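Protein chains in written order, with my numbering: chain A, 1 to 100; chain Y, 1001 to 1144. Just so it is clear, CB atoms sit at the ideal spot from N, CA and C, and this is done for glycine as well. From a predicted model like this one, the values you see are computed outputs, not experimental measurements.
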C-alpha cells in the first residue's frame, strides 16, 4: 500500500483494489498508517484522498545521524581531555587539577 | 523494512577503563567535556552518581541555557554505565544510553549505545510503525 501511495494521491477504493481488499479493511489500514504519521488524508466530500508522508522516516534518520555525530564528538573530546591530563605541564604554572 | 533504531559509537582510549568510566561520573572531570560544545559555556554540573540518582549538565549556548538531564539506571564500575538522557529544550522525550567499557591492551574500548529513536519520530500508535510496515509488507506479499 505504501508503494501505491508513493506514486501520488489515491482514494481508499484505489488503494484497496490491487489487494482484493474490502473498502472497510483498506480504510482500517489507512487509519493505522495515518496514526503512525506515515500518511496524510485529505477529505473532499465523501472521498478520502491519501498521500504518503515521508517526514517521520526522514526525521528518524536525521535524529540518528545527529546523535551518531554528537557522541562521536563527545568521545573525541573525552579522549583529548584524558590525553591532555597525561601530558606533563610544559611550563611550571600551578596545576589546575583539584586535589583528591 | 528494516530501520535502525539504535545509535552505536565505539572509541578506543589509551587510558584505563577506570579512568574512562570515572570521567562520566566525577563532576569535576565530566564538567570539562560531557555534553560540551566548542561554543557553549558551562553553567552547572550536578551529578548524583548512584542508581536512581540524576544528573543535570547545563550549558549556555547563544544566550540560552541548554539542560542535559538524566537518571542513572546501572552503575557497574568500570564495565557498564546506563542512564536515561534527554534535552528538554529540544524534546520532552528521554532515550537510554549504555556505556560498555572493555579493557583492551593498556587502554580500553568504549561502546556507546543509544536506544530508541524518540517515539515522536517512530511510534505514533501503540504498535509502532515498524510492526505496521512489517504487517503491510506481508499483506502486500500475500496479495501480489
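Beta-carbon spacing of residue i, residue j below 9 Å
i, j, result
"residue 1026(Y)", "residue 1077(Y)", "no"
"residue 1079(Y)", "residue 1109(Y)", "no"
"residue 1087(Y)", "residue 1069(Y)", "yes"
"residue 1042(Y)", "residue 1036(Y)", "yes"
"residue 74(A)", "residue 1033(Y)", "yes"
"residue 1010(Y)", "residue 1111(Y)", "yes"
"residue 17(A)", "residue 25(A)", "no"
"residue 78(A)", "residue 1013(Y)", "yes"
"residue 1029(Y)", "residue 64(A)", "no"
"residue 51(A)", "residue 14(A)", "no"
"residue 1107(Y)", "residue 1015(Y)", "yes"
"residue 1019(Y)", "residue 60(A)", "no"
Contact set between residue i and chain A, taken where Cβ atoms lie within less than 9 Å
i, result
"residue 1019(Y)", "82, 85"
"residue 1145(Y)", "Since the displayed chain Y opens at 1001 and closes at 1144, residue 1145(Y) lies outside it and no answer follows."
"residue 1023(Y)", "78, 81, 82"
Beta-carbon contacts of residue i that lie in its chain and below 6 Å, excluding the five residues immediately before and after
i, result
"residue 1103(Y)", "1017"
"residue 33(A)", "39"
"residue 1123(Y)", "Summary for residue 1123(Y): the model assigns pLDDT 43, below 50, so the residue's position carries little reliability, and this model does not support an answer."
"residue 1060(Y)", "1041, 1043"
"residue 1082(Y)", "1073, 1074, 1098"
"residue 1052(Y)", "none"
"residue 1089(Y)", "1066"
Within chain A, partners of residue i - CB distance below 8 Å
i, result
"residue 1094(Y)", "Going along chain A, no residue has its Cβ under 8 Å from residue 1094(Y), so there is no contact; the nearest lies around 13 Å."
"residue 1032(Y)", "81"
"residue 1114(Y)", "67, 71"
Within chain A, partners of residue i - CB distance below 7 Å
i, result
"residue 1015(Y)", "82"
"residue 1007(Y)", "64, 67, 68, 71"
"residue 1011(Y)", "75, 79"
"residue 1036(Y)", "77"
Cut-off 7 Å between Cβ atoms - residues of its own chain near residue i, not counting five sequence neighbours on either side
i, result
"residue 48(A)", "11, 12, 41"
"residue 1039(Y)", "1061"
"residue 1116(Y)", "1005, 1095, 1096"
"residue 27(A)", "12"
Nonlocal neighbours in the same chain, by C-beta distance under 8 Å from residue i, ignoring five residues either side
i, result
"residue 1135(Y)", "Only weak support exists for where residue 1135(Y) lies, its pLDDT of 48 falling under 50; the coordinates are left without a value."
"residue 1085(Y)", "1068, 1069, 1070, 1094, 1095, 1096, 1097, 1114"
"residue 1031(Y)", "1042, 1045, 1057"
"residue 22(A)", "16"
"residue 1024(Y)", "1030, 1034, 1081, 1099"
Integer-rounded CB distance, given that residue j should sit under 8 Å from residue i
i, j, result
"residue 1007(Y)", "residue 71(A)", "7 Å"
- prompt: Of all the residues that make up the region 60 to 72 of chain A, which are near chain Y by a beta-carbon distance shorter than 7 Å?
  reply: Residues passing the 7 Å Cβ filter: 60, 63, 64, 67, 68, 71, 72.
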